[in-house]
Structures are given as C-alpha cells and as structure tokens.
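Have a look at the structure below before the remarks.
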Amino acid sequence: MKKLLLATAATALCAGTVYAEDVKLGILLGFTGPLESIAPDMAAAVDLAIAEANDSGIFLDGASTVSSVNADTGCVDASLAVASAERLITSDKVNGIVGGMCSGETTASLQNVALPNGMVMVSPSATSPGLTTIEDNGLFFRTSPSDARQGQVMADILNDRGIKEVAVTYTNNDYGKGLADSFQSAYEESGGKVTINTAHEDGKADYSAEVGALASAGGEVLVVAGYVDQGGAGIVNGSLDTGAFDTFMFPDGMVSDALEQNFGDMVEGSFGQHPGNDSDGGAKFNAAGEAAGFIPTNAFAPESYDAAALILLAMQAAGSTDPQVYKEKVMDVANAPGEQILPGELAKGLQILKDGGEVDFVGASAVELIGPGESAGNYREIEFKDGAMTTVGYR
Amino acid sequence: MDFLNAIVALTNYVVIPAMSYGSQLALGALGVTLVYGILRFSNFAHGDTMAFGAMVTILVTWLMQSVGINLGPLPTALLALPFGILGCVALVLVTDRLVYRFYREQKAKPVILVIVSMGVMFIMNGLVRFIIGPDDQRFSDGARFIISARDFKSMTGLNEGLAIKTSQGLTVVTAVVVVAVLFWFLNRTRTGKSMRAYSDNEDLALLSGINPERVVVYTWLIVAALATVAGVLYGLDKSFKPFTYFQLLLPIFASAIVGGLGSPLGAIAGGFIIAFSEVTITYAWKKVAVYLLPERFEPDGLVQLLSTDYKLAVSFVILLIVLLFRPTGIFRGKAL
Numbered sequence: 000m001k002k003l004l005l006a007t008a009a010t011a012l013c014a015g016t017v018y019a020e021d022v023k024l025g026i027l028l029g030f031t032g033p034l035e036s037i038a039p040d041m042a043a044a045v046d047l048a049i050a051e052a053n054d055s056g057i058f059l060d061g062a063s064t065v066s067s068v069n070a071d072t073g074c075v076d077a078s079l080a081v082a083s084a085e086r087l088i089t090s091d092k093v094n095g096i097v098g099g100m101c102s103g104e105t106t107a108s109l110q111n112v113a114l115p116n117g118m119v120m121v122s123p124s125a126t127s128p129g130l131t132t133i134e135d136n137g138l139f140f141r142t143s144p145s146d147a148r149q150g151q152v153m154a155d156i157l158n159d160r161g162i163k164e165v166a167v168t169y170t171n172n173d174y175g176k177g178l179a180d181s182f183q184s185a186y187e188e189s190g191g192k193v194t195i196n197t198a199h200e201d202g203k204a205d206y207s208a209e210v211g212a213l214a215s216a217g218g219e220v221l222v223v224a225g226y227v228d229q230g231g232a233g234i235v236n237g238s239l240d241t242g243a244f245d246t247f248m249f250p251d252g253m254v255s256d257a258l259e260q261n262f263g264d265m266v267e268g269s270f271g272q273h274p275g276n277d278s279d280g281g282a283k284f285n286a287a288g289e290a291a292g293f294i295p296t297n298a299f300a301p302e303s304y305d306a307a308a309l310i311l312l313a314m315q316a317a318g319s320t321d322p323q324v325y326k327e328k329v330m331d332v333a334n335a336p337g338e339q340i341l342p343g344e345l346a347k348g349l350q351i352l353k354d355g356g357e358v359d360f361v362g363a364s365a366v367e368l369i370g371p372g373e374s375a376g377n378y379r380e381i382e383f384k385d386g387a388m389t390t391v392g393y394r
Numbered sequence: 000m001d002f003l004n005a006i007v008a009l010t011n012y013v014v015i016p017a018m019s020y021g022s023q024l025a026l027g028a029l030g031v032t033l034v035y036g037i038l039r040f041s042n043f044a045h046g047d048t049m050a051f052g053a054m055v056t057i058l059v060t061w062l063m064q065s066v067g068i069n070l071g072p073l074p075t076a077l078l079a080l081p082f083g084i085l086g087c088v089a090l091v092l093v094t095d096r097l098v099y100r101f102y103r104e105q106k107a108k109p110v111i112l113v114i115v116s117m118g119v120m121f122i123m124n125g126l127v128r129f130i131i132g133p134d135d136q137r138f139s140d141g142a143r144f145i146i147s148a149r150d151f152k153s154m155t156g157l158n159e160g161l162a163i164k165t166s167q168g169l170t171v172v173t174a175v176v177v178v179a180v181l182f183w184f185l186n187r188t189r190t191g192k193s194m195r196a197y198s199d200n201e202d203l204a205l206l207s208g209i210n211p212e213r214v215v216v217y218t219w220l221i222v223a224a225l226a227t228v229a230g231v232l233y234g235l236d237k238s239f240k241p242f243t244y245f246q247l248l249l250p251i252f253a254s255a256i257v258g259g260l261g262s263p264l265g266a267i268a269g270g271f272i273i274a275f276s277e278v279t280i281t282y283a284w285k286k287v288a289v290y291l292l293p294e295r296f297e298p299d300g301l302v303q304l305l306s307t308d309y310k311l312a313v314s315f316v317i318l319l320i321v322l323l324f325r326p327t328g329i330f331r332g333k334a335l
C-alpha cells in the first residue's frame, strides 16, 4: 500500500512537467467500413507531420520523440469507435487523438471517452453541423469545415450570380439532408427562394417522377446535393432529357472528373464548389506526400496532416503534453497573428514557439479555426465553360 | 396557348414516362402471370430472369459494337436481342430441368414452389452479379431522341418542351408488337390453345392428350422471351443495374395481381394502372395548374399529393385496396 501511494504521488508530480518522454498520438480513423479506401492515406499524412517534428530535433525539450498508435472506428460503428478510443487513452496512454473520421462515430467517442478523460480530439473529416454546438470543454477541434459552412458558401455564390429562385434535391442521407437544410436556411435568410426541397433515393434506375416534381416547382437553377456516381447523375440526366433544367449547381459530392466526362458538354454555364484553396500549402503538401509514398490528393489527407501538426504545435507552445494544458493553445497556433507556417516548415514553427514567438499555421488546407474550433473552410468555385470544368475563384 | 402549354407539360412529365414505364411493367407482369396461370406458382425469380436476359443482350451488344455492327439511329441492342432471348431460354430450361421438374413430379404445393423460386432468385441474382458486376452498365447507342425538348420548343414556339426518347418510343412500339403476337399465339395456334386448356383444367387437358411437359417447355420459352424483352427495354430506357431489377419485382407483382393473376389482359392493364398512379400521385401539379387556372386562383404550394419518396408505397396501397375489395383482380384472374 505504501509503495502504491508513493508511486501514485510520483506520477502525479511528473505529470505536466517537461522531460524527455515518448509522446504518443492516437490515430482514430475508419480503417474498415465505407471510407476504408481513404483512411490509410489520412494516417500516412499524420505520420508525415510526426516525422517532421521528430526530425526537427527541437520538439519540446529536444529529446522527446513522437510516435503514433492506430485504432479503428469502422466509420459507422459507434461502439467500435468508443472501444478503440478507450483503448488509446487507458492502455496506450496517448497524449492526443487525431480523429474520429465520420460524424456519428466522432460524436460517440467524444462524449463517451474523450470528455470524461479530458483528451484532446482533432477530427480531420467529421463535417456534421451538429458537432459545432456539441458540449466539448474546449477539447474538440476539427480541420474540416462544417457542412453548414458549405450551405452559406452556396447561398453567397447564388446571390453573387443574381439567382433568386432555385429547386433543391438531395440524396436521402445525413450528408444530403444536412447540406440541403443548411443551404435552404442560409439562402432564404439572404432573400433567395427555394421552390422545393426534396429527397431522391440513390441506386434507382428511374428518376422521372422526381424530375417531374422538381420541374413543376420550377426555379432558375437546380441544386443537386447528391453523389455523381449515384442518384445525382440520374437526376441530372432526367432533367436534361425532359428539358426541365439546363443549369445546375453542384456541391462537393458532385464535383469530380466523372461529372466532367459524363455531362461536361451538356451543362454549359452550370457551376458549383468543393473544398479547395489557392495557398502554396496544398502544393507543398502534395510534393511531400508523394515523396513519403502515399496519395496526398485523396480526400481529407491534407486535413489529417494539419490536425496532427496543430496538436504538435500546441504542445510546443504550451511546453506540455497534458491535454488540459495544451488545449488552450490550439486556436492560438492555428490563427493569426504570427509567422505563417506551411507544410514542411514545422521545424521553423517549433523553433519560433520555442523562442516564445507566435505562429499562424496555414498547413495543407489553409486552416483557419473559427467559432468552437472548426475550420472556416475554403471552397473552390467552378463553372462549366466550353465543356470543361474551370476554376472561377476561391471562397 | 396556356392550355396547349399545360397539355404539353403534362405529356412531357407524366404521360410519356408513365407510358414507357407501364409498358415495361406490363411485359414483366405478363411473364409472371403466365407462370402463375400455367405452372401454378408465383415466380419470384422473374426480376432476375429479366436481368439475366438483359445481361446476355448487353454482352452481345458490346461484342457487336466492338466489331462495328450497328443499326444506325436504332440501338444495337435490338440486333442482340435474339441472342439474349436464346441465353435466357437456356437458363430457364436448365433451371426447370434441375429444380422445378423435381417438385412438379412430386406435385408439391404452390407455396413450396414459391419458396423454391426465391432460392432460384438468389442464385440468378448472384450469377448476374458474378458475370457482369453490380455496377451500372450503359449499352444504349444510336439517336438519343425522337424529338428533344429544345427542338420542340423552337418548332412550336411554346414555353414547354416535349421530349420523346428513342428508347421510350421503342418501348411502347415493341410492347404493342409483342403483346399482339402473344395474344395471336395463345388464341389462334394449336400450342397456344393447348396451353390455355392446361391452365384451365390440368386433368381434362391430360385426358384430351395434351403433353404436359411440352406445355411447360413452351411456357418457359415464352416467359424467357418476355422477360428478356422487358429487361432490355428497361435497361435501354433507364440503365442496367442488377439491383434495380430485383427491386422491379414488387411493382411487377403488384401489376399482375391488380390486373388479376393468370389473366394476360389483366397484366397489361395492371402495368399501366400502377405506372400511371405512381407518376400522377407523386407529380407536383403546380405547373399545370398555373397554366390552366385564372391568375387569382394560382396555387402557392406544389399541389403534390404525395412526396416522391413514397412512390413505391403507391403500388402497395393499390395492391391492398384490390386485395381487400376484389381479390381476384380487375380482370377476374385466379384468386390468390
């Protein structure tokens, strides 16, 4: 008993002080499940940031090294995610978590594990608007924008183009419904009119009834919040065939090479937006990622790199690996003022922080944390001109 | 002018899609109703028989396209159709020999055969996915439109466009031809008459010297041909994806039951009833109303009875009503 007390006291003393230690980051992603194809590249991006910090030789006291531990969430499996998060914190004793991946699973592990244990979670890819208002004790951040933000961007694009009336159809799931609703409220607030906001099921062969209803409601533009290889394409096809709509607005689920190939020359003047930015960070990250042997252009790989980098920089700024201490610094290192830090410049950032300066981490996805610690979100606005998808600008 | 616009809008969004969808359902329901009338069980494998026939046709179409055979403005699939029918005939005859004949000889109850056909359905479903994959396949070529919405507008000067796709025109024409041939066959030929006799009274037919195995083979031949034609037309008009054929099973059965199982005429009527009610009940009538009504009566809402999400529910409601009030169906088929 005496020994135990002594040991506990010793551990308590040690906690919070900086000394050479093995810092661990948990990578809590959906390595199995519907998004398993992009998870490995996201994890590789996290490891890239960790390797940079280790190579700098100045992380914390200079003798500390960072390592990563992978854990699976299954993306749609809340109980698996909770068990994995539990394991990372209690058995692997990580100092911070990059994850979770999908919105539902992230909510579960945040509320059931991270909050009670006081662990910082930085999600690279959970985009549900629900996570904006969730009770998080300042422990939860995300480097991806909320879908509510995309709705606002869409409203802005339409208003700038002078379009006052649109019809909306969305794919019948959390993504489609969330996006369509956030868009409708943002658009109506700014004076636009949504004539109809209706769902379509994916995987059907025939969308003539849906197109008929949309056409009857009318509008200058049809907003298709769906997937390009699913019902979204069917709706566009049906609308073009019957002459119901000629001009479309494509949110991120629709903007892809497949859209350009299948519809490029038929949707002249249509427009849309998807996450993207024009900072140098993206290009630098792509070069570094290819050198490291993964696919940096895969969805959410840049955000994953940024999530890991933010945790490491915040630890450096706080001089501590205790989540309760460094959580206060995450917003500081992500935003101005300070020296801008791009991918590959983590060593520079760590040095500045070591010397007591300030940094503004830009990273691969031009991170700017707003509100309760989520990315402001940058979108690339595209338009179809002469059958090709062209960049109009960035928002 | 407004009146014309209303008519055109209605035709474009309701009548034409419902006509082609109805023809496809009718052809499918004819197959189901023939199996029910003559072989005396509900064939749940019918949707996947359609998928198999369409798949063979698609594979032959691709082969023809690759060597440069085509039909000009008509889709190449029409040339490949006979091969698809042959493939499908081979499949159903082998299935009958391996599976159904065993139960027929045992005089198994219809309910057992229904369960057996479900097993066959899953195997055919797997077979199609295994060969061609679960994804969307496109095989239509030739001219896409008989008349496109844009051309119609510039031709008539109306506000509303009217589009008729080649596949839609083709569907209706083919359905009419196939149905005419089928009815001539059933009513005028010796084999057709023996099939009807067998359907009316099996024992009496046997006594008059009708060979039951021959009737069974002929029935499967016709069913395979109908299924392939329906499957190919559906695939041309919409797109080919194995899973959608599986889903098609429900409206097809609804059509056959509403019309009266076992009655070929009923199957056709049922197909169109289901198709038209699905489209008209979920159609938003605002556009038509705005053209027809005087300005102060113009509706603010969409004038939509049911959201399109509930499209499938419509056929079930009709099915329920028919089963409750007229279980034999509109054309007095056999009661279930």
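Chains A and B are the protein sequences, given in the same order. 0 is the number of the first residue of the first sequence in numbering that gives the first Met the number 0; add one for each residue after it. 0 is the number of the first residue of the second sequence in numbering that gives the first Met the number 0; add one for each residue after it. All C-beta atoms, glycine included, are put in the ideal place defined by N, C-alpha and C.
Using a threshold of 8 Å, state whether the C-beta atoms of A/S102 and A/A125 are closer than that. In the first sequence, the residue the question calls residue 102 of chain A occupies position 103. In the first sequence, the residue the question calls residue 125 of chain A occupies position 126. In this structure, A/S102 sits near A/A125, with a CB-CB distance shorter than 8 Å.
Could you tell me which whole beta strand (DSSP E) segments of length 3 or greater appear in the region 267-325 of chain A? The qualifying runs are 270-274.
Using alpha carbons as the reference points, say which of B/R143, B/G141, B/S139 and B/G160 lies closest to B/R149. To locate residue 149 of chain B, count along the second sequence from 1; it is residue 150. Closest by alpha carbon: B/G160.
How would you write the range of the beta strand (DSSP E) that A/V121 sits in, first residue to last? If you number the first sequence from 1, residue 121 of chain A lands on position 122. Looking at the DSSP string, the run of the beta strand (DSSP E) that includes A/V121 is M120 to S122.
8 Å is my cut-off, CB to CB: does A/G202 come that close to chain B? Working through the first sequence from its first residue, we reach residue 202 of chain A at position 203. Yes, A/G202 lies at the interface with chain B (some Cβ there is under 8 Å from its Cβ).
With a threshold of 8 Å between beta carbons, is A/I195 in contact with chain B? Here residue 195 of chain A refers to the residue found at position 196 when the first sequence is read from its first residue. So, interface residue.
At the level of alpha carbons, what is the spacing between A/C13 and A/E20? Looking up residue 13 of chain A in the first sequence gives position 14. Looking up residue 20 of chain A in the first sequence gives position 21. Summary for A/C13: the model assigns pLDDT 47, below 50, so the residue's position carries little reliability; its value from the coordinates is reported in the next sentence. Cα to Cα, the separation comes out at about 11 Å.
Count Cβ pairs between the region 17-27 of chain B and the region 160-176 of chain B that sit closer than 8 Å; are there 3 or more? Enough Cβ pairs lie closer than 8 Å, so yes.
Within 10 angstroms of the Cβ of B/I68, are there 16 or more other Cβ atoms? Answer buried if so, exposed if not. On the second sequence, position 69 is the one that residue 68 of chain B refers to. So B/I68 ends up on the exposed side.
Quick test of the definition: if touching needs 3 or more C-beta pairs under 8 Å, does the region 292-309 of chain B touch the region 45-54 of chain B? They do not touch, by the three-pair rule.
Pop quiz: A/G191 and A/N158 are said to be a contact at Cβ under 8 Å. What is the actual Cβ separation, rounded to whole angstroms? Counting from 1 along the first sequence, the entry for residue 191 of chain A is found at position 192. Counting from 1 along the first sequence, the entry for residue 158 of chain A is found at position 159. With a Cβ gap of about 7 Å, A/G191 and A/N158 count as contacting.
Report all residues from its chain with a CB closer than 8 Å to the CB of B/Y197; omit the five preceding and five following residues, and keep chain order. As a first step, residue 197 of chain B is located in the second sequence; it is residue number 198 there, counting from the start. The answer, listed in chain order, is I37, A204, I209, P211 and V214.
Which of helix, strand or coil does DSSP assign to A/V17? Position 18 of the first sequence, counted from the first residue, corresponds to residue 17 of chain A. Interpretation of A/V17 is limited by its pLDDT of 46, a score under 50 that renders its predicted location unreliable; the figure taken from the coordinates is listed afterwards. Correct three-state label for A/V17: coil.
Nearest CA to the CA of A/A48: which residue from A/S255, A/A300 and A/G376? Stepping through the first sequence from its first residue, residue 48 of chain A is reached at position 49. Ranked by Cα distance from A/A48, the first of A/S255, A/A300 and A/G376 is A/A300.
Along chain B, which residues have their Cβ under 9 Å away from the Cβ of A/T246? The residue given as residue 246 of chain A occupies position 247 in the first sequence. Correct list: empty, because the minimum Cβ distance to chain B is about 14 Å.
By DSSP's criteria, A/F249 is part of a beta bridge. Which residues make up the other side? One-based indexing of the first sequence puts residue 249 of chain A at position 250. Paired residue(s): A/G271.
A/E134 burial status per 10 Å Cβ neighbour count (16 or more: buried): Taking the first sequence and counting its residues from 1, the one referred to as residue 134 of chain A is at position 135. Exposed.
Using a Cβ cut-off of 8 Å, pull out every chain B residue sitting near A/A208, in sequence order please. Residue numbering aside, residue 208 of chain A sits at position 209 when the first sequence is read from its first letter. For A/A208, the chain B residues whose Cβ falls inside 8 Å of its Cβ are P16, E277, V278, T281, Y282, T307 and K310, in order along the chain.
Bridge partner(s) assigned by DSSP for A/G25: Along the first sequence, read from residue 1 onward, the residue named residue 25 of chain A stands at position 26. Answer is A/V68 and A/I96.
Considering only the alpha carbon of each residue, which of B/H45, B/G46, B/G71 and B/L77 lies closest to B/V59? In the second sequence, counting from the first residue as 1, residue 59 of chain B sits at position 60. In this structure, B/L77 is the residue among B/H45, B/G46, B/G71 and B/L77 with its C-alpha nearest to the C-alpha of B/V59.
So, is B/P72 buried or exposed, given that buried needs 16 or more other C-beta atoms within 10 angstroms? As a first step, residue 72 of chain B must be located in the second sequence, where it is residue number 73. Classification for B/P72: exposed.
Going by C-alpha to C-alpha distance, which of B/Q167, B/L291 and B/A224 sits closest to B/F2? What you label residue 2 of chain B is simply residue 3 of the second sequence in a count that begins at 1. Answer by Cα proximity: B/L291.
Are the region 366-384 of chain A and the region 125-141 of chain B touching, with three or more C-beta to C-beta distances below 8 Å? Output reads no: the region 125-141 of chain B does not touch the region 366-384 of chain A.
Report yes if the C-beta distance between A/S24 and A/I310 is below 8 Å; otherwise report no. For the purposes of this step, residue 24 of chain A is taken as residue 25 along the first sequence, with counting starting at 1. For the purposes of this step, residue 310 of chain A is taken as residue 311 along the first sequence, with counting starting at 1. The amino acid occupying residue 24 of chain A in the given sequence is Leu; Ser does not appear at that position. The answer is yes: Cβ separation under 8 Å.
Inspect the CB distances between the region 259-275 of chain B and the region 77-86 of chain B and report whether three or more fall short of 8 Å. The answer is no - the region 77-86 of chain B does not touch the region 259-275 of chain B, with fewer than three Cβ pairs under 8 Å.
For B/R331, which residues of its own chain have a beta-carbon under 6 Å away from its beta-carbon, when the five flanking residues on both sides are left out? In the second sequence, residue 331 of chain B corresponds to position 332, counting from 1. Correct list, in chain order: G259.
Pick from A/A43, A/A113 and A/I195 that is closest to A/I294, judged by C-alpha positions: Locating residue 294 of chain A in the first sequence gives position 295, where the first residue counts as 1. Among A/A43, A/A113 and A/I195, the Cα nearest to that of A/I294 is on A/A43.
Can you pull the chain A residues whose beta carbon is under 8 Å from the beta carbon of B/R149, in chain order? To locate residue 149 of chain B, count along the second sequence from 1; it is residue 150. At a C-beta separation below 8 Å, B/R149 has these neighbours in chain A: G242.
Please state the DSSP three-state secondary structure of B/K164. As a first step, residue 164 of chain B must be located in the second sequence, where it is residue number 165. Secondary structure of B/K164 (DSSP, three-state): strand.
Which class does A/M388 belong to by DSSP, given the choice of helix, strand or coil? Along the first sequence, one-based indexing puts residue 388 of chain A at 389. The answer is strand: DSSP assigns A/M388 an E or B state.
Is it buried or exposed for A/D385, if we count other Cβ within 10 angstroms and need 16 for buried? Residue 385 of chain A sits at position 386 when you count from the first residue of the first sequence. With fewer than 16 Cβ atoms within 10 Å of its Cβ, A/D385 is classed as exposed.
Which of helix, strand or coil does DSSP assign to A/V432? With chain A covering only 0 through 394, there is no way to say anything about residue 432 of chain A.
In the structure shown, what three-state DSSP assignment does A/A224 receive? Locating residue 224 of chain A in the first sequence gives position 225, where the first residue counts as 1. If DSSP states are grouped into helix, strand and coil, A/A224 belongs with the strands.
Neighbour flag for A/D354 against chain B, beta carbons, 8 Å: Locating residue 354 of chain A in the first sequence gives position 355, where the first residue counts as 1. Chain B places no beta carbon closer than 8 Å to that of A/D354, leaving this residue out of the contacts.
For chain B, is any of its Cβ atoms less than 8 Å away from the one on A/S184? Position 185 of the first sequence, counted from the first residue, corresponds to residue 184 of chain A. Cβ-Cβ to chain B under 8 Å: no for A/S184.
With which residues is B/L70 paired in a DSSP beta bridge? To locate residue 70 of chain B, count along the second sequence from 1; it is residue 71. Answer is B/L73.
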